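A.B. asks: Here it is, the structure in full.
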Amino acid sequence: MLIIYIAGFIVCMGLALCLTPLVKRLALAIGATDVPNARKVHTKIMPRLGGLGIFLAFVLGLLAISPFISYEFSTRDMNFIKALLSGGGLIVLLGALDDKFELSAKVKLLGQIAAACIVVFGFHITVDFVNIPFNNSYSSLESWIAIPLTIFWIVGVTNAVNLIDGLDGLAAGVSGIAIATIATMAFLMGNVMVALICLLLLGSIVGFLFFNFHPAKIFMGDTGSLFLGFCLGMLALLGFKQIAVVSFITPLLIIGVPLSDTFFAIVRRKLQKKPIFAPDKGHLHHCLRELGFSHRQTVLIIYGIAAFFGVLAVIQSSSAMYEANWVTFVVICVMLFFLQIGAEVIGLVGQTKKPLLNLLSRVFMKVSPEKGSKS
Numbered sequence: 172m173l174i175i176y177i178a179g180f181i182v183c184m185g186l187a188l189c190l191t192p193l194v195k196r197l198a199l200a201i202g203a204t205d206v207p208n209a210r211k212v213h214t215k216i217m218p219r220l221g222g223l224g225i226f227l228a229f230v231l232g233l234l235a236i237s238p239f240i241s242y243e244f245s246t247r248d249m250n251f252i253k254a255l256l257s258g259g260g261l262i263v264l265l266g267a268l269d270d271k272f273e274l275s276a277k278v279k280l281l282g283q284i285a286a287a288c289i290v291v292f293g294f295h296i297t298v299d300f301v302n303i304p305f306n307n308s309y310s311s312l313e314s315w316i317a318i319p320l321t322i323f324w325i326v327g328v329t330n331a332v333n334l335i336d337g338l339d340g341l342a343a344g345v346s347g348i349a350i351a352t353i354a355t356m357a358f359l360m361g362n363v364m365v366a367l368i369c370l371l372l373l374g375s376i377v378g379f380l381f382f383n384f385h386p387a388k389i390f391m392g393d394t395g396s397l398f399l400g401f402c403l404g405m406l407a408l409l410g411f412k413q414i415a416v417v418s419f420i421t422p423l424l425i426i427g428v429p430l431s432d433t434f435f436a437i438v439r440r441k442l443q444k445k446p447i448f449a450p451d452k453g454h455l456h457h458c459l460r461e462l463g464f465s466h467r468q469t470v471l472i473i474y475g476i477a478a479f480f481g482v483l484a485v486i487q488s489s490s491a492m493y494e495a496n497w498v499t500f501v502v503i504c505v506m507l508f509f510l511q512i513g514a515e516v517i518g519l520v521g522q523t524k525k526p527l528l529n530l531l532s533r534v535f536m537k538v539s540p541e542k543g544s545k546s
């Protein structure tokens, strides 16, 4: 299987390298382009639809290596792959239509819900257990909770990746790091199917990044960001369903960058009394650019943050760390504290909304006079 893993990665990367220039020509021919405006970073018309190259490379790579796979996939494994391809195919179609015609947010949301429903009702894949924190046990979920929870998760992660797609190579790279994290965990757990799917996706993303990293020659568009978000949503939560060693927090850590950016975007827009889906220039990459970092520096910094979340996810899922739940809890609390501090420093919530920094400032101001009076 190791040879299959390596071969699959190389085949998908090669396919993406060959297909992406063809997709670029197609995008320009049909007018699927991104026009610059006040909110966007690029200054010239760029072809979109690049995610189609990722999708085609992944599907063709899977078909190319399938005859050489000696490992017998279980019925559940095959069901998962069929669900991923069926729901992912609808997502790619939705993204391609948006790249060409710029669909409304409501239409895109309905399309994402439809794709999630294909997974849940068409292939009967749901989250049917929940980890009980600080207790090495799992509790089964009733279908009336499991079904909406699964749909909400898939749609939420799909949108989270879409929201961070604002700089050359950003969404593709962050998704690649998250998928590499899942692949690492799958290797450690012996989950052959998930590891293989992750490596095929990773190869497709790496091949595409040759054309998408700054300065980009093509954007992935919603075709790519929605597809990768959909894949992450399924792999991060459902890929480890059969192995009871994943803590409840692990999937959240895997997608820590898009999830936290989405959370702060919702808070920011609520405080500013704007619609949740209204675009703005307050995302993490926008704030880092405002601090003076270059395009590449900003992307690489966010890559580093995504890698940090990935390492935490692997540690969290390891058996040694799993047994030390209270230690894990403290680590997560410290991480959230610094995440909030970082968000306030760079202005993710807003330049005037800094409750934790203001609280710390007041505490230090009270402590300082007390020290001065004693001296």
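In this text, residue positions in the sequence shown follow our numbering: the first is 172, and each later residue adds one.
Don't be surprised by glycine CBs; every beta carbon is placed ideally from N, CA and C.
Since the structure is predicted, the reported quantities are computational estimates derived from the model, not experimental observations.
With distances taken from CA atoms, which of 216, 226 and 433 is nearest residue 335?
C.D. replies: 433
A.B. asks: At the level of alpha carbons, what is the spacing between residue 360 and residue 220?
C.D. replies: Taking the straight line from one Cα to the other gives about 35 angstroms.
A.B. asks: State the DSSP-derived secondary structure class of residue 405, mapped to helix, strand or coil.
C.D. replies: helix
A.B. asks: Go ahead and pull the three-state DSSP assignment for residue 114.
C.D. replies: Because the chain is modelled from 172 through 546, residue 114 falls outside the range shown and cannot be assessed.
A.B. asks: Inspect the CB distances between the region 345-361 and the region 473-492 and report whether three or more fall short of 8 angstroms.
C.D. replies: yes
A.B. asks: Can you pull the DSSP bridge partners for residue 270?
C.D. replies: Per DSSP, none; premise fails for residue 270.
A.B. asks: If you follow the alpha helix (DSSP H) that residue 474 is part of, which residue opens it and which one closes it?
C.D. replies: 466-488
A.B. asks: Could you tell me which uninterrupted alpha helix (DSSP H) segments, each at least 4 residues in length, are contained entirely in the region 285-352, listed from first to last along the chain?
C.D. replies: 314-334
A.B. asks: Within 10 angstroms of its Cβ, does residue 315 collect 16 or more other Cβ (buried), or is it exposed?
C.D. replies: exposed
A.B. asks: Mind checking whether residue 262 and residue 401 have CB atoms under 8 angstroms apart?
C.D. replies: yes
A.B. asks: Near residue 374, which residues of its chain fall below 6 angstroms by C-beta distance, leaving aside the five closest residues on each side in sequence?
C.D. replies: 180, 183 and 184
A.B. asks: If we count Cβ pairs, one from each stretch, closer than 8 angstroms, do we get three or more for the region 323-330 versus the region 280-290?
C.D. replies: yes
A.B. asks: Verify the contact flag: residue 180, CB atom, against every heavy atom of the ligand SAH, threshold strictly below 7 angstroms.
C.D. replies: Ligands displayed in this structure: none; no statement on the ligand SAH is therefore possible.
A.B. asks: Can you find at least 3 beta carbon pairs, one from the region 376-384 and one from the region 189-206, that sit closer than 8 angstroms?
C.D. replies: yes
A.B. asks: Pull up the distance between the alpha-carbon of residue 504 and that of residue 340, whole angstroms please.
C.D. replies: 30 angstroms
A.B. asks: Which residues in the same chain have their Cβ closer than 7 angstroms to the Cβ of residue 352, if we skip the five residues on either side of it in sequence?
C.D. replies: 425, 481, 484 and 485
A.B. asks: Run through DSSP, which three-state label would residue 446 get?
C.D. replies: coil
A.B. asks: Output the boundary residues of the alpha helix (DSSP H) element that contains residue 387.
C.D. replies: Element bounds for residue 387: n/a, residue is neither H nor E.
A.B. asks: So the alpha helix (DSSP H) residue 461 belongs to, where does it begin and stop?
C.D. replies: 455-461
A.B. asks: Using only the alpha-carbon positions, how far apart do residue 293 and residue 287 sit?
C.D. replies: 9 angstroms
A.B. asks: Take the Cβ of residue 443 as the centre, count every other Cβ of all protein chains shown within 10 Å, and call the residue buried at 16 or more, exposed below.
C.D. replies: exposed
A.B. asks: Do you know offhand how far residue 414's Cα is from residue 517's?
C.D. replies: Low per-residue confidence applies at residue 414: pLDDT is 40, beneath 50, and the placement is therefore not dependable, though the value from the model is reported in the following sentence. One C-alpha to the other measures close to 39 angstroms.
A.B. asks: Tell me where the alpha helix (DSSP H) around residue 194 begins and ends.
C.D. replies: 173-201
A.B. asks: Can you tell me which residues form a DSSP beta bridge with residue 204?
C.D. replies: 218
A.B. asks: Using the Cα positions of residue 230 and residue 394, report the straight-line distance between them to the nearest angstrom.
C.D. replies: Taken atom to atom, the span from the alpha-carbon of residue 230 to that of residue 394 is near 15 angstroms.
A.B. asks: What separation, rounded to the nearest whole angstrom, lies between the Cα atoms of residue 422 and residue 298?
C.D. replies: Rounded to whole angstroms, residue 422 and residue 298 show a C-alpha spacing of 12 angstroms.
A.B. asks: I need the DSSP call for residue 361, collapsed to helix, strand or coil.
C.D. replies: For residue 361, the three-state secondary structure derived from DSSP is coil.
A.B. asks: With DSSP collapsed to three states, give me the class of residue 517.
C.D. replies: helix
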